Every structure is written in structure tokens, then in C-alpha cells.
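Reviewing the structure listed below.
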């Protein structure tokens, strides 16, 4: 299988109009991404997303320590890549914000980070089973999904020190996704719409793949060539990403009156 | 199994009152079909349906490139069977509209086409497992569900060229449903209510059948005779189809205030 | 296993205050049962319930041919035990109403009948796997769940003739539940609240039991003694049945404004 | 496996600000816990929670015999640890309230008890399969989850006598959770937010663990050291518990207008 999942640098995907130009636009997009992830059941009380500040590559935006479901503009903090809260506030940040800072520092070509715990990825993480692209919308997984298991002793499996943040970023390397054993996953992307799409389709791909694993049947996964082409022309193309973001935002607006 | 799933032409099912008589009626039915499929979770941001124009057999109606969940009358485009947008508009059509044109061209007795990616069919598509009718509402599957795996190299597994559209239509042949490996399925029907019913019950049949496959138990599938009779007298009879469409529309009205 | 599931007559469970005293009360209870079954996802567009007329033991109440989700007082028909519509109306009854008449005729001690197709029972019906009580709320299944597979040739697996209605009633015998191969199940009960509870907990019991079957593990099912006691003192006791009906009705009221 | 799940006393977790100081605060928290558990699908018509009276360690608060989904302040009864209703009322208490009294009597360091029947735990209870922590939010399960199977003969598997209440409390011992064979589970915690979190994450852990069991794959569970640290620094820390409770309460407020 290693021949299919080479460690070559992941191709750069052209940035779309979905990248906010100002801090204010970025903050609003972070609010919407939180609401989408809460509304779609990708995040519950736990887990978080971040977006690099378009006005300062050394800081990012993220909600304070509340559930994504409840995020508003007033809950967004500006945080530097070492995890220091830049916003003058007494609001409490997430304990694991260091994950976001460390990955954004290590991946200057990327701007958005997801950390979450949805159930579909856990069986893969504890059984050392590689996640592989099983459909065209899982194509972004084609370079493999490594599994992190190098937790700080006594840290309760949470990533809260600068050292462990750096280990996490190093382990993720040039991948878009890695799993954390018995914990969840981290995802990195060029922008928030792609990040949200990657979280949704990682869940869907893992769910379907596990059903196939349970059957014991041999399956035809996407080849690297198929996956690369599917990613460039399909999933992460500007048009489908706009359609997806529009769809998820429309569902937020239907379900959450304060977002209309 | 081939003896049970012969390739004889699929019987013509009498057309019901559900076929709109005018372009305006057809457009409204396309909007409702989109909303139903979004509301029932059969389509998400991706996937699409179409209906032949009752005033011009050489064109069909379909939404522009948005999620079915959001469709309104203003989003419906008229498109010819080669995929050219006939409506004078700058609105963007779906990249894969050629699937609809090619199938409607090859199947003059049919009027409605579905293309989608719901999870239940994927395991069958990648493990070469035949979908077979396991209940009376799965009876329309009795002539078999072939699996397409002849993608354009470099096309990202999307169907966007006239050539591949023709291959898709040829592969579907006289079937009502085929799967696309690692991608989803296409369905064709006489009218939109039957098409929506086929999508819903394909999902349900696949879901149940996979549970049986996981158990490793032998199952008694519908015989061809049972399936034919179930289809003629049951699932696709005028009365159940009206009841189903009424049900799905009632749920759309409950959940989507703008459709009341 | 036959030693555990003897064919002795099922005990008579004391009738509760939940039996309506008048036709008008019965009609309203039928409306509510329809809404509950639609709201809980036990019935979709298809399937139906009935309740014997408390003012005439030879007729029963049932909605016309619409989805249970949409039922109102104006949709309730009075039908005799041979399936003749007594109500002076042009409204269309269900094709399968003969199931209800035949079972109510054969079971004078019972007053309510359910016919539905929820997915959880299908795998048992096509693999000849006995459903057995796995929890206290599945206790009513303790005398076994036989599987009917004696369909009228050419009838499309639907039960629409007097003859097949009688075969169905005979096959059900003194059981509370039987399955129809590749189709669904019939349930009979003393009153509508018990009938609805039996439908919900049949689904739950089947769902859990299938998970155990998939694991290949040996399981400890309820013994006949446990099941009998659980049924008398627990599930079908007046207090839990009132609580369940109150719960399901409260959910209907929350979700369906016209029922408030 | 016994080496991993020693029977040493479970560590005392520091009490948080989540413990109400007055009876009135406690009553309101019991209402909210009921609504949360109903809204999250952890409890349906059956099952119940309780909280010790902060003004009298020998009584607890619990709703009368209604579904948690419907609980209001007016439904809360004060009950002593032997199950006698202290509130002057004709409202009917739950038959199984003795579970709550017996556990609160045996565990003076604890203040909240849950009894419920969600599907995810049943397969473990009937196949004698130990539930083990598979993620950091399942860490509170690290000392093992024993399975009770010592029902009163003829009691219908319900816990309604003082004697059986005491057996239940003794069987639970110093654990946080035990299962009841073919019935459900009991959970005990320092306060209601932790209790609700334990119920939600027991469900999630059991759901994921069963998927792994179905696969037949070896899995890496949390070590005792990991689990202890995850529990102290993570799941049951003040900050995540506040975030979880805020999240679940926000969802109640969105879905239940009378709770706004």
C-alpha cells in the first residue's frame, strides 16, 4: 500500500475567492464555519476550527472556549502562533489552541485548521487501519492519513504544550489529515470552505470504508491518479466548494434563527 | 444469478397523471423534487435531477449549479440533450448535466433522471456486489444494477464530456439504475415521482441488503416474478406513488417555510 | 429454541383506561397514533394502523389512503371486517385494509392492528432468523415471531384478497407479531397505546438483536418467565404505557403545529 | 484484563461550581438535565435522573412518572433514600426510584444518579462483553463496567424492592457505571453535569467499541494511566464540563421554546 500513498509534497491547490481579504471578513467566516460544523454534527461541545488572519500571517482567529454551535462574532479571539491570546480580553481560549498555532506555523501555504473527535475516525485510529479514498469526494485523502500516538505522559491525551504542538505539526508533515489515537483528527486546508468540506467528507469516507471493512470484502479504492484528478477538477474546484458552502450555510440559516 | 436478472427490455409502466402537461408545471415539479431529495437526505450539496420538457422532447429542466435543498423556480434552466443551456441566462449549469442529456436521448420512453452519491450504494459499487431486490419496494431493481467503471482518464471520475455521457447511457442500457464505481448512481424513470421513489427505495434496499451481507447469512431475495408483480401492482401503481409524493411534499412543507 | 417459544395462548393483558369508550374518542386516538408513528419514523408513506370501533365490534377505524404523517379526523374511514368501507364517502381506502379486518375478526380479544415495513425487521424476515426478546421492553415477543411466506402468486406480495387476509390471520394465530417475508410485519394489541409501544419496541429489539447477530457472540435472551413478568409488571402495565403515550404525543405536538 | 481494571476506589474528582447550593437551584438543574437527556436521545419515555438535595443529604429530587422530555419544575418530587415521597402530593413517582435512593445512600461522596436503557449498552450487557475506554472522553470507564444479573424472580427485571435496590448499590460498588443485563445501565457522579456527560460519552464509547468488536480487529484501549489523566485534566475538568453543559442547554433552548 505504501506505493499508493507516497510521501511526496501534496500539490498546492489554487486559492479561491473563498479566502477573506480582511480580518473582519475572516472573523465572520470563522463564526459561520463553527455554526456549520455544529449544525452538521461534525463537532459537538468539543473540537474547534481556526483561520489565519489575512491581515497578519502570524495570528489566527478562533472562538473562545465555547461549543461551535454557539459561536458569535463576540466570541472570536485573535491568537498568535505560540498560542498567546492577542485580543485584550478575559475570555478563556481553548486548552488545545496550540494545535492550531503549531500547524499554521509549520504550513505557511495553509490557512485553516480543524481539530475534532467525530466517531467515524476513531476505529481507524485505535486499530491502525489506514483511511483511504473510497469515493471521489474522499480524494483529498490520497496521500495517506498517518496516526499520531506520541502523547505527553500524564497529559490526558490532550495537546496542550508547545512541545507536543510541535510534535503534532511534525507528524502531520505535508499531509492534509492525520488521526490522533483514541482521540480524533486534525485537518489543514488552504481556506475554511475547503477545511469544512474535508471534515465532512473525511467523516463520510471513514463511515463507508468501515462498512466495507466489516464485510471483509476486497474493495477498489481510488488510484493516486484518480484521486489527484478528482481533487483538482472536482472536490476542491471553485464551483463545488461554493455550492457546498452555500448548502451548509443555507442549513445553518434554516436551523439557527440568529444567523438569518 | 444471471438467470434471475435477464437483460430483456424493462417493461413499460403506464404513465400516470404525475406527468406535467406544461413547461410551467414541469418546472414546479422539478423544484419540489429537488426540495424532497434535499429534505430526505438523498442529495446533499451535490447530485441533481432533471425532467424532460413536456413541450419539447429535446430539452430538459434542471437547477443551476446550487444544492437541491435551495432550489427555487428562478434556478431552473432549460438545457438541450447535448448539454447546451437553452435558457438565456448567465447562471451556471452543473458540470455533469451531460449525464441527464445522454440518458434522456437514449431512453425516449423515459422522462426523468437522477444522479447522486448517497452512502448506501458506495460499498456495492467498489466491491462489485450486485444490488438485488430484498423487499417489495425494491422490486424495480429486479433486472439488475450494473456497475460502471470506464472513467475518462484524468477526468477526476466526473462525467463531463459528450463521449463519456454516451458511454454512461450505453452502460445503463435498458436498466432503471446503475452504479458508478466509487462515485454514486444514475436512475431513470417515466416521471419525477417514480424517480424520487426509486432513489429513496434504492437507498433503503441497499441499506438493508448490506446488513444482510454483513451477517453472512443466506437471504431469500425477490424472484423475478414477484418483483415484476410487485412493481406493477404495488410500488409504481398510481395510488402508492401519489401517497408517497404527497408524504414527501408534506414533509418539505413542514420543514421549509418558503414552500408552504 | 422451540422449548422457549411454546405456542400456548398468549396471556390476556388487562385492558387499561386507554381504550376509548366512544367512536369519536376512537377516531381521535387513531389520528394521534398515525401522527406518532409518522413522527417516530416507524411508518413513512406506507403502512397503516386500525382500531376497532368501541360502538360496533364489527367495524374498525383507519385513515383513507394517505401517509400516517398527514392524518386528520376528516381522513378516518369506518370499515367492516370484510374490508367494505362503511363511511359514505368517495375517499379511497388502503389496498391492504383486509389485513386489519381479518385479524380483528380472528382475534376478538384484540382491538388494534399495525401493518408496516420498517427496515429493522426485514433482515430477520428474509433470513429466517427468529426475533427474540433481548430487553425487558422486548418482552412481548417471548412467544416467538413467525415468518409468513405464503403470498398469492402474482399479487406483488401485497395482501389484498379476502383469502390471503384469512391466511395472514391464521398464520399470526395467537401471536402478537409476525413478519412478512421481504415485506414487513403485522402487530395486534388490546389497544392503540400498546400497539404503538409494540411497534416501537419491536423496532428497537430487532435493531439491537441484529447487532448481536453481526458480532457472532452468544447472547442471553430473556427467559419465558422473565419475559412474562416483564410484560405484566413492566412494559404493558398501565403506568409505563401512559408515560410512553404521553411522551410520543408530546413529541407530535412539538413537531406538528396543527396537533397542538 | 483484570490487571487493567482494578477494584481500587475511584479517585475523588474535585467538585465544581456546578453543584447547586439551594434546593431551588437543584430543582431547576434536575429539570434541565431531564430536558437535555430527552433532547439528546439518551432517554425516551423511560429512564430517569436524580440529584441529592443540597439542603438535606437524605433526600433527592426527581420528576414524577413522566418522560424526561416533558419535565417542568412542577413535576419534581422530593424523595428520601428509602424511596418515600416527601413532597406532599398525589403525583405518582417512578417505580424504580429505589435505584436512586439506594445508590445515593451507599455513595455519600456522590450526588447524582442516572438510570436508562439506550441501545448502545445492551449488546455488551447480554454478551458479557466488558466496556472499556476507547477515547479520552470514555476515560471515566477505566475501572471497568460490571454487569448486574441478579434480578428478583418474578420482578419483570425491574428494580422496585428495597432489597434489590441494595443489591444494585452493592453491585455498583465503587464504580461509576454498571450495566443491567437485558435492561440498561446505572451511572453515578458528583454532580448533574458530570452525570449527563457520563451518560452521553458512555453511549458514544459503547457505540464505537461495538464497531471495533464487529470488525474483529485488535484495538488499543486507553491504559489506566492515560484514562486517569484524561479524566482529571480533560473530561471532568471544570472547563470542558461547563462547555458541554452550555452546549446541551443551548440545544434544549433551540428545540424547546418553553425552556427559553
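Residue numbers (the numbering used here), protein chains in the order written: chain A, 1 to 260; chain B, 1001 to 1260; chain C, 2001 to 2260; chain D, 3001 to 3260. Ideal Cβ placement from N, Cα and C applies to all residues, glycine included. Source: prediction; values computed, not measured.
Burial is judged here by how many other beta carbons sit within 10 angstroms of a residue's own beta carbon; residue 1068(B) has at least 16 and is buried. Residue 2133(C) and residue 3153(D) have their alpha carbons spaced roughly 17 angstroms apart. Around the C-beta of residue 1129(B), 16 or more other C-beta atoms lie within 10 Å, and the residue is accordingly described as buried. Along the region 1055-1080 of chain B, the positions whose C-beta sits under 7 angstroms from a C-beta of chain A are 1065, 1066, 1067, 1069 and 1070, read in chain order.
In the three-state DSSP reduction, residue 125(A) falls in the helix class (H, G or I). The alpha carbon of residue 63(A) has as its nearest neighbour, out of 33(A), 42(A) and 123(A), the alpha carbon of 33(A). Sequence-distant Cβ neighbours of residue 1146(B) in its own chain, meaning closer than 7 angstroms and more than five residues away, are 1171, 1175 and 1178. Judged by their CB atoms, residue 3252(D) and residue 3042(D) are not nearer to each other than the 7 angstroms cut-off.
By the Cβ neighbour-count rule, residue 1181(B) is buried, with 16 or more other Cβ atoms within 10 Å of its own.
In this model, residue 1086(B) and residue 119(A) are separated by some 46 angstroms (Cα to Cα).
Taking the CA atoms as reference points, residue 2066(C) sits about 50 angstroms from residue 3103(D). DSSP, read as helix, strand or coil, puts residue 3070(D) in helix. In the displayed model, residue 53(A) falls within a strand according to three-state DSSP.
Close CB contacts of residue 1148(B) within its chain, under the 6 angstroms cut and outside five residues either way in sequence, are with 1171, 1178 and 1180 (chain order).
Taken in chain order, the unbroken stretches of alpha helix (DSSP H) that lie wholly in the region 13-39 of chain A and span 4 residues or more are 23-39.
Around the C-beta of residue 2109(C), fewer than 16 other C-beta atoms lie within 10 Å, and the residue is accordingly described as exposed. Linking residue 48(A) to residue 3241(D) through their CA atoms gives a straight-line distance of about 16 angstroms. Using a CB distance cut-off of 7 angstroms, residue 3215(D) counts as an interface residue toward chain A.
Burial state of residue 3257(D) is exposed, judged by a 10 Å Cβ sphere holding fewer than 16 other Cβ atoms. In this structure, the alpha-carbon of residue 1250(B) lies about 12 angstroms from that of residue 2038(C). Taking 4 residues as the minimum length, the alpha helix (DSSP H) runs contained wholly in the region 2073-2120 of chain C are 2097-2106, in order along the chain.
Only buried fits residue 2164(C), as 16 or more other CB atoms lie within 10 angstroms of its CB. When C-beta distances to chain A are compared with 9 angstroms, the residues of the region 3235-3248 of chain D below that value are 3235, 3237, 3239, 3240, 3242, 3243, 3244, 3245, 3246, 3247 and 3248, in chain order. DSSP, reduced to helix, strand and coil, places residue 1058(B) within a strand of the structure shown.
Between the alpha carbons of residue 53(A) and residue 101(A) lies a gap of roughly 12 angstroms. Boundaries around residue 204(A) are those of the alpha helix (DSSP H), 192-215, since no beta strand (DSSP E) includes it.
The bridge partners DSSP lists for residue 235(A) come to none.
Spatial neighbours of residue 162(A) in its own chain (CB-CB distance under 8 angstroms, excluding positions within 5 residues in sequence) are listed in chain order as 82, 83, 98 and 102.
Taking 7 angstroms as the cut-off, the Cβ atoms of residue 3031(D) and residue 3051(D) do not count as close. Residue burial annotation: residue 3204(D) is buried, with at least 16 other C-beta atoms found within 10 angstroms of its C-beta. Sorting 57(A), 159(A) and 138(A) by C-alpha distance to the C-alpha of residue 115(A) places 159(A) at the top. The DSSP-derived three-state label of residue 42(A) is coil. Taken in chain order, the complete alpha helix (DSSP H) segments of 4 or more residues contained in the region 2119-2186 of chain C are 2122-2127 and 2162-2172. Distance from the Cα of residue 126(A) is smallest, within the candidate group 3117(D), 3209(D) and 3235(D), for 3209(D). Residue contact check for residue 3100(D) against chain C: no CB pair falls below 7 angstroms.
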